[in-house]
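Written out below as structure tokens is the structure these notes cover.
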Amino acid sequence: MDPKIKLMFLDEHAAEGAARYGVSPKVLTFIGGFQNFIYSYNRDELKYILRFTPSTLRTSEGLAAEIEWIRYLSENGLSVSEPVSSVNGKDFERIQGNMMDLYVTSFKHAPGRKIGYPECLGNSILYEECGRITGRLHELAKLYKPMAKRHTWECNEYLLRAEDYLPSELQPILFALDELRAPLASLPVNADNFGLIHGDINVGNFTVDESGEITLFDFDECQYSWYVEDVAIQLYYLLYVFGEDSKSERKVQYELFIKHFELGYTEDGRQMPDSWKDQLKLFLRLREIIVVVGMHRSWDLSQPDDWTRDFLQDSRMRITKGISLIDEF
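Set out below in structure tokens:
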């Protein structure tokens with residue numbers, strides 16, 4: 001979260017947002033959030049999420065499209081964290097502030113538990129389930145006829161505002177981003193490989209129940225892009241934890257994920273997107289830039305811990321050389 005935005009978010013905003021959903025501010029528990037302010041609350045023995053999104057980051061049209069997309073997926077049998085209407089029957093509410101407005105949305109809390117690191121690593125059962133739900137999501141995306149429209153990949157906030165968030169000494173990353181845009185824009189666009197994606201599937205954005213079924217949430221980054229990007233994002237967050245001195249472990253992780261993700265994705269006759277393995281490198285490079293931009297926007301990096309320092313050093317090297325996490329296998 002941009003530090004300036006953090007300073008502008010007040011307790012009175014949280015209280016007003018809670019009231020719009022018939023919730024007492026006393027029962028709100030702050031969870032955190034990378035782009036948004038996220039709270040949890042309980043009502044009638046059920047758990048819910050209350051999300052505050054700065055109007056500087058999202059438009060009302062974009063939010064309407066996000067909610068419509070989630071409802072469509074839920075109505076068609078995909079396990080997602082469903083939206084909850086406000087007391088006025090709205091999908092989201094707008095709260096006025098002195099410096100910025102906030103959009104408030106609420107969702108049912110996803111059932112099950114999160115699987116973090118290192119439990120998610122080397123987890124073939126999990127990767128197959130990730131492939132299964134991603135394949136079903138893409139299958140539904142191909143049939144989707146929305147009323148509201150989300151942005152396309154090149155209008156991703158991290159790409160549009162990279163220059164604002166990165167310090168001047170990281171100018172080479174901006175050059176690398178410019179060089180990456182052309183090969184991405186040249187990729188074929190058709191109904192089988194391009195559509196509305198989740199845009200941020202990772203272990204932080206789903207839960208797993210006792211039967212192993214995944215429930216997806218946090219569709220805040222959904223956008224029109226190539227379906228391969230949804231695959232590359234998941235792979236990226238399983239590989240980036242391995243430093244440059246652990247390339248052999250990274251390769252094992254990559255091969256295990258690819259094998260079992262494809263098994264789940266292609267279940268029931270679904271086909272992987274054309275040339276998906278070849279395109280993974282491009283989208284891994286794109287994700288790496290987005291992650292670095294996001295870290296500089298939202299974190300205080302003046303005194304990074306050892307892992308963060310090493311990661312940023314390795315990441316800058318890869319980005320400026322135009323290589324991905326799987327290029328040197």
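Residue numbers (full-length UniProt numbering): 1 to 329.
Ideal Cβ placement from N, Cα and C applies to all residues, glycine included.
The model shown is predicted, which means the values in this text are computed figures rather than measured ones.
**OP:** Give the straight-line distance between the Cα atoms of P54 and S248, rounded to the nearest whole angstrom.
**Re:** 42 Å
Subject >> CA-to-CA distance, A65 to E179, given in whole angstroms >> reply: 30 Å
**OP:** Mind checking who V80 pairs with in its DSSP beta bridge?
**Re:** L216
Subject >> Bridge partners - Q223, DSSP secondary structure assignment >> reply: I197
Original post:
In its own chain, which residues sit with a C-beta less than 6 Å from the C-beta of A110, not counting the 5 before and 5 after it?
Top reply: S81, T207, T215, F217
**OP:** Please classify P25: does DSSP put it in a helix, a strand, or coil?
**Re:** helix
**OP:** Might you give, ordered along the chain, the residues of its own chain that have their beta carbon closer than 6 Å to the beta carbon of E244, omitting 5 neighbours on each side?
**Re:** Residues D314 of the same chain have their beta carbon placed closer than 6 Å to that of E244, with the five preceding and five following residues left out of the count.
Subject >> Segment limits, alpha helix (DSSP H) that includes P172 >> reply: Segment 171-185, the alpha helix (DSSP H) holding P172.
Subject >> Euclidean distance between Cα positions of T266 and G204 >> reply: Cα to Cα, the separation comes out at about 24 Å.
Original post:
CB-CB under 6 Å to V292, same chain, minus the five flanking residues each way: which ones, in chain order?
Top reply: S315
Original post:
So is L46 buried or exposed if we call it buried at 16+ other beta carbons inside 10 Å?
Top reply: Under this definition L46 is an exposed residue.
Original post:
Exposed or buried, which one is E75 when buried takes at least 16 other CB atoms within 10 Å?
Top reply: exposed
Original post:
What's the gap between the Cα of G212 and the Cα of K259?
Top reply: 18 Å
**OP:** With a 10 Å radius around its C-beta and 16 neighbouring C-beta atoms as the bar for buried, classify Q253 as buried or exposed.
**Re:** buried
Subject >> Chain-order list of residues whose beta-carbon lies under 8 Å from that of G17 (same chain, five-residue window excluded) >> reply: L50, F52, E93, I95, L102, V104
**OP:** Mind checking which residues open and close the alpha helix (DSSP H) that includes S315?
**Re:** 306-321
Original post:
Quick one: what does DSSP say N42 is sitting in, helix, strand or coil?
Top reply: strand
Subject >> Cα-Cα separation between K277 and G116, rounded to whole angstroms >> reply: 26 Å
Original post:
Can you give the beta carbon distance from Y236 to L137, rounded, assuming they're within the 8 Å contact cut?
Top reply: No, Y236 and L137 are not in contact; Cβ-Cβ is about 18 Å, not under 8 Å.
**OP:** Would you tell me roughly how many angstroms separate the C-alpha atoms of L256 and R150, rounded to the nearest one?
**Re:** 33 Å
Subject >> R270 in three-state terms, based on DSSP >> reply: coil
**OP:** Look up F34 in the DSSP assignment and say whether it is helix, strand or coil.
**Re:** In this structure, F34 counts as coil in the three-state DSSP scheme.
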